[in-house]
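Student:
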Amino acid sequence: MIDLRSDTVTKPTPAMRQAMANAEVGDDVYAEDPTVNALERRVTEILGKEAAVFMPTGTMTNQVAIRTHTEPGDEIILDAGTHSYFFESGGPAALSGVMCRCIPTPRGIFCAADVKALLRPRNEHFPHTKLVCVENTHNLGGGSVWPLDAIREVTEAAREAGLKAHLDGARLWNASAATGIPEREYASHFDSVSVCFSKGLGAPVGSALAGTKEFIARARRFRKMFGGGMRQAGIIAAGALYALDNHRSRLKEDHENARLLAQGLTEMPGIEVDLRHIETNIVKFRVTGMAAQKLCDEARARGVLALARNDTVRAVTHLDVGTADILKAVEVYRMTLARNK
Ligand SMILES: Cc1ncc(COP(=O)(O)O)c(C=O)c1O
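In structure tokens form, the structure reads like this:
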């Protein structure tokens, strides 16, 4: 099977498994796991932040960040397709008791004027708006990369209004690989940054949240409250460290493969794909020649997995698919469309 459903489907490599098996461990709730401590230090260096805390998932780092920045009854501003609003099971409402004010965007990117339009006067009728969230790269936006100028403007507008800014950088590594802008440059504009090791980097588990020492101390309390205080977590942190050391530098290959797939698809009648929108490792294409779900079902029977939603298919490249797999996937889509003409 060529599995293009997500970059989360990768399996740890033998070398990564070895690093995990050999990890030195301790009880991380007592901050005694040397491998977790090393990973958290490494993340602070990469992101240029004072402190970081390791958690099992990107959902948890996002939701802990929201809880840490807010109190129940507050309001947060995010784009309508952002993961922490759209895909995290109502976490902001259930776990933080906050209201979400959403900005509709085509590809996950908004501007300072969008934030300013949602600001409220300080008056007893209104919730207190506390936080703006940005996702870079943007998953539902098709792996879109936030321009640095847009980040600067949005976070400045937030700061001027007394709001904090959180970055969901589950795929920040991909943004940096695509633009050459270091992760710490992106991170410098935000009060908190969440990163994932289990997406393009190929680790089986793990995310980290970074910010000031004070912010992370408060976040640790919510991590514990949400059930994310892990014990000998060095076993999984070792996979994340291995991924940072060995897989970050190869993300460009995934981006090239995504482009190769998109180029193959543009030549097919019954498919619409805008090559300008292929910025990182996510390829979204519209299927006009048949139902998108049928295309995915039939391609699956021929060995290619991808996800359909309405008339659109999402295919994601990653560590476990090579160029030959992509060429085969293109052939499978070509054949499937031809048989349904
Ligand atoms: C942008 C983004 N943020 C957060 C997450 C959540 O990560 P996890 O699946 O580790 O909870 C995902 C998952 O795909 C994501 O794409």
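First residue of the sequence shown? That's 52 in my numbering, and the numbers climb one at a time after it. We put the CB at the ideal spot given by N, CA and C, even for glycine.
Tell whether a beta-carbon distance below 7 Å holds between histidine 189 and glycine 148.
Tutor: Numbered from 1 along the sequence shown, position 138 holds the residue referred to as residue 189. Numbered from 1 along the sequence shown, position 97 holds the residue referred to as residue 148. Cβ atoms of histidine 189 and glycine 148: not closer than 7 Å.
Student: What do you get for aspartate 391, buried or exposed, if any count of 16 or more other CB atoms within 10 angstroms of its CB means buried?
Tutor: Walking along the sequence shown from the start, residue 391 turns up at place 340. Correcting the residue identity first, residue 391 is asparagine in this sequence and not aspartate. When all chains shown are included, asparagine 391 counts as exposed.
Student: Output yes or no for whether 7 Å exceeds the beta carbon distance between alanine 228 and leucine 302.
Tutor: Residue 228 sits at position 177 when you count from the first residue of the sequence shown. Residue 302 sits at position 251 when you count from the first residue of the sequence shown. Yes; because the gap between Cβ atoms is below 7 Å, this pair is in contact.
Student: Mind checking methionine 386: buried by the 16 CB within 10 Å criterion, or exposed?
Tutor: Residue 386 sits at position 335 when you count from the first residue of the sequence shown. Exposed: under 16 other Cβ atoms inside 10 Å.
Student: Might you give, ordered along the chain, the residues of its own chain that have their beta carbon closer than 7 Å to the beta carbon of alanine 48, omitting 5 neighbours on each side?
Tutor: Residue 48 cannot be examined here, being either before or after the span of the chain that is shown, 52 to 392.
Student: Within the same chain, show all residues whose beta-carbon is closer than 6 Å to that of phenylalanine 248, passing over the 5 residues directly before and after it, in chain order.
Tutor: By one-based count along the sequence shown, residue 248 stands at place 197. So the qualifying residues of the chain are Ala254, Gly257, Ala291 and Ala294.
Student: According to DSSP, is histidine 120 part of a helix, a strand, or is it coil?
Tutor: Numbered from 1 along the sequence shown, position 69 holds the residue referred to as residue 120. Histidine 120 falls in the helix class under three-state DSSP.
Student: Of all the alpha helix (DSSP H) runs that stay within the bounds of the region 303-362, which reach a length of 4 or more residues?
Tutor: Entirely contained in the region 303-362, the alpha helix (DSSP H) runs reaching 4 residues are, in chain order, 343-352.
Student: Ends of the beta strand (DSSP E) at arginine 152?
Tutor: In the sequence shown, counting from the first residue as 1, residue 152 sits at position 101. Per DSSP, arginine 152 belongs to the beta strand (DSSP E) from 150-154.
Student: Classify leucine 191 as buried or exposed, calling it buried when 16 or more other Cβ atoms lie within 10 Å of its own Cβ.
Tutor: Within the sequence shown, residue 191 is the residue found at index 140, counting from 1. Leucine 191 comes out buried.
Student: What does the Cβ neighbour count give for threonine 263, buried or exposed, with the cut at 16 atoms within 10 Å?
Tutor: Here residue 263 corresponds to residue number 212 of the sequence shown, with the count starting at 1. With fewer than 16 other Cβ atoms within 10 Å, it is exposed.
Student: Measuring alpha carbon to alpha carbon, tell me which residue in Val367, Val355, Ala288 and Cys151 is nearest arginine 310.
Tutor: Counting from 1 along the sequence shown, the entry for residue 310 is found at position 259. When only C-alpha atoms are compared, the closest one is Val367.
Student: With a CB to CB cut of under 7 Å and the five nearest residues on each side skipped, what residues in its chain are close to leucine 214?
Tutor: For the purposes of this step, residue 214 is taken as the residue at position 163 of the sequence shown. If we look at leucine 214 and ignore the five residues flanking it on each side, its Cβ neighbours are Thr180, Lys181, Leu182 and Val183.
Student: Who are the Cβ neighbours of cysteine 153 in its own chain at under 7 Å, not counting the five residues just before and after it?
Tutor: In the sequence shown, the residue the question calls residue 153 occupies position 102. If we look at cysteine 153 and ignore the five residues flanking it on each side, its Cβ neighbours are Leu129, Asp130, Ala131 and Tyr136.
Student: Just the C-alpha distance for arginine 235 and leucine 199, rounded to the nearest angstrom, thanks.
Tutor: Position 184 of the sequence shown holds residue 235. Position 148 of the sequence shown holds residue 199. Going by the C-alpha atoms only, they are around 12 Å apart.
Student: Would you list the one or two residues that DSSP bridges to valine 367?
Tutor: In the sequence shown, the residue the question calls residue 367 occupies position 316. Bridge partners of valine 367: Ile333.
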